[in-house]
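Enquirer:
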Amino acid sequence: MPVEGVRRPAWAEISRSALAHNVDALRGVIGPTRLCAVVKANGYGHGAPLAARAALDGGADALAVAIVDEGIELRGAGISEPILLLAEIPAETIPDALSHSLTLTVGSLAGARAAVAAAERLGGLHRVHLKVDTGMHRMGVVPEEVGPAVAILTASRHVDLEGIFTHFSVADGPSEGDRAFTATQIEVFTRVVDELRAAGACPRVVHAANSAGALGYPGSRFDMVRVGLALYGYLPDAWLGRALAAAGTALEPALTLRAQVVAIHRVRAGERPSYGRRRALTRDATIATVPFGYADGYPRRLFEAGAEVLIQGRRYPLAGTVTMDQILVDCGDDPVEVGDDVVLLGTQGEETVSADEWARRAATISWEILCGIGARVPRVVVD
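FYI, in our numbering the residues of the sequence shown are 7 to 389.
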C-alpha cells in the first residue's frame, strides 16, 4: 500500500459538507431520478471511502466504480449500498465481484455468457447491468446485440438483469455538433429501451446521463444518473451551470490542497533556481520551498504555464521547475516565514486557485488534475 506523508506539512482537505451540498444541488436539478455517485479513481482523488460515505449520507442512492478492487475497498469500509462496476471485467475476476455483492456490467455477448456461468457456479441471485454502445465505441453491445444479450442473461435464474445503460461521449460539449451527436445517442438508446419495453423485457433501472447529461439533457435522466465530476464541485463545461443557476444553487469544490513553507532563501537577481536553471530571477527575491511536487500531483508543466500559489491571501508565481517532492515560490520582497500556510488548490482570503485553472494552464482537463493527486498526500476531513 502507498505510504501517506503524514509527517510532512502537505495534505488535502476534503469537505464532507461540500460533497453533501453537491448531491443536494444536483437533486434540485434532476428531481426524483435516482443518483449514483461515481467514486472511481480514489473518489476522483478525494479518497473513495470518504467520498462514498459523504455522498450516501447526503442522499445518493448508489455508487459506481471502475474496477473490482475499488468495489472491494468500499465493502471493506463497511459500505453496503449498491456498487456498480462501470465496465465489463475479465471472466476470472467475476467470482470476486459477485462474492462482494458488486453489480456487474456486461458489454458483450461473451461477457454475458461469462457472467451467467459465474453466477450459476456461485449460486444465489446477482445483479447485472447491460451496457449499450450508442456511439462512444469504447465498450458495450451494439443495439442489434441487445436482444441476444438480454436472452442470455434472463435465461439464468441466478442473474437479476437490473439495469441497462449507455454512456455519452460529448454531452459536455457546447457546439451544435456535440449537441446533435448527444441527441442521437439519446435517440438510439431510447429506441432500444422502447423495444425492450414492448417485448416486456426491459430492465427496471434505465440510465444514460453522466454529470453533463444530468445537467444539460433532461431527456437523458431516465431512472438514474451517474454523477462523477459534478459530485466533487466542478462542471464538465461552464454552460452546464445554467441548470444549477435556474434551480438557485451552485456546486462547491470539495478539495483544498494545502502545505506549509519549509524553507526560505534570499536569492540574488540573475540566479536560476531549481532543476534545469530554466528562468533567471529579474530581481532579488525571497524564495520559499513548499513540500509538494509532481509525485504528489502538481503537474510539472505548470511552471512554464505561469501557475501561482496562495500565501497570506496573495498569489505568487513559481520560481523554478517543479521537482518530484517540492516547488519553489517567488515571494519577491514580501515577508514570508517558515510555517506559513500555502494553498495550492482552493481558496485563501479572496483569492482562489481551482482545478479548472490548473487544467487550463496544463492543457488538460479537471478530471485529470483531481485524479492525479498522489496517494501519499493525506486526505483530511475538515467538517
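Even for Gly, the Cβ is constructed at its ideal location relative to N, Cα and C.
Alpha carbon to alpha carbon, how far is R210 from D362?
Expert: When rounded, the distance between both Cα atoms is 37 Å.
Enquirer: I'd like to know whether the C-beta atoms of G64 and A18 end up nearer to each other than 9 Å.
Expert: Result no, Cβ atoms of G64 and A18 do not sit closer than 9 Å.
Enquirer: Relative to the C-alpha of A220, which candidate in A286, A31, G82 and D102 has its C-alpha closest?
Expert: Among A286, A31, G82 and D102, the Cα nearest to that of A220 belongs to A31.
Enquirer: Looking at the strands, I want to know which residues DSSP matches up with G113.
Expert: G113 pairs with nothing; no bridge assigned.
Enquirer: Please confirm if the stretch 104-122 is in contact with the stretch 88-95, defined as three or more CB-CB distances below 8 Å between the two stretches.
Expert: Output reads yes: the stretch 88-95 touches the stretch 104-122.
Enquirer: Bridge partners for E314 per DSSP, in chain order?
Expert: Answer by DSSP bridge pairing, in chain order: P323.
Enquirer: Is the stretch 371-381 in contact with the stretch 37-56, if contact means three or more CB pairs nearer than 8 Å?
Expert: Enough Cβ pairs lie closer than 8 Å, so yes.
Enquirer: Going by the beta-carbon positions, is the gap between F171 and A214 smaller than 9 Å?
Expert: Cβ distance < 9 Å, so F171 and A214 count as in contact.
Enquirer: Measuring CB atoms only, is the stretch 20-28 touching the stretch 57-74, in the sense that at least three cross pairs come out at less than 8 Å?
Expert: The answer is yes - the stretch 57-74 touches the stretch 20-28, with three or more Cβ pairs under 8 Å.
Enquirer: Assuming H213 is part of the beta strand (DSSP E), what are its boundary residues?
Expert: From DSSP, the beta strand (DSSP E) with H213 extends over V211 to H213.
Enquirer: I need the DSSP call for A68, collapsed to helix, strand or coil.
Expert: Note: A68 maps to strand in three-state DSSP.
Enquirer: With burial defined as no fewer than 16 other Cβ atoms inside 10 Å of the residue's Cβ, what is the status of Y240: buried or exposed?
Expert: Classification for Y240: buried.
Enquirer: Between the alpha carbons of I73 and A286, how many angstroms are there, rounded?
Expert: Approximately 46 Å between the Cα atoms of the pair.
Enquirer: In terms of residue numbering, what span does the alpha helix (DSSP H) encompassing V391 cover?
Expert: Any property of residue 391 remains undetermined from this structure, which presents the chain solely from 7 to 389.
Enquirer: Identify which residue in V328, D178, P341 and V138 has its Cα closest to the Cα of Q318.
Expert: Of the candidates V328, D178, P341 and V138, the one whose C-alpha sits nearest the C-alpha of Q318 is P341.
Enquirer: In this structure, what does DSSP give as the bridge partners for H271?
Expert: Looking at the DSSP assignment, H271 forms a beta bridge with I293.
Enquirer: Which residues bound the alpha helix (DSSP H) around W373?
Expert: Where W373 is concerned, the enclosing alpha helix (DSSP H) stretches over S372 to C377.
Enquirer: Among G34, R163 and D389, whose alpha-carbon lies nearest the alpha-carbon of P224?
Expert: Cα-wise, what sits closest to P224 is G34.
Enquirer: Put I100 into one of helix, strand or coil per three-state DSSP.
Expert: Three-state result, I100: helix.
Enquirer: Does the stretch 242-252 come close enough to the stretch 38-45 that 3 or more CB-CB pairs lie under 8 Å?
Expert: The answer is no - the stretch 242-252 does not touch the stretch 38-45, with fewer than three Cβ pairs under 8 Å.
Enquirer: What are the boundary residues of the beta strand (DSSP E) that V138 is part of?
Expert: Taken as a continuous stretch (DSSP letters only), V138 belongs to no beta strand (DSSP E), as it is neither H nor E.
Enquirer: If we require 4 or more residues per run, which alpha helix (DSSP H) segments fall completely within the stretch 173-260?
Expert: If we require 4 residues or more, the alpha helix (DSSP H) runs fully inside the stretch 173-260 come out as 182-204, 217-222 and 247-252.
Enquirer: Roughly how many angstroms lie between the CA atoms of G77 and H106, to the nearest whole one?
Expert: Each residue's Cα considered, the two are about 8 Å apart.
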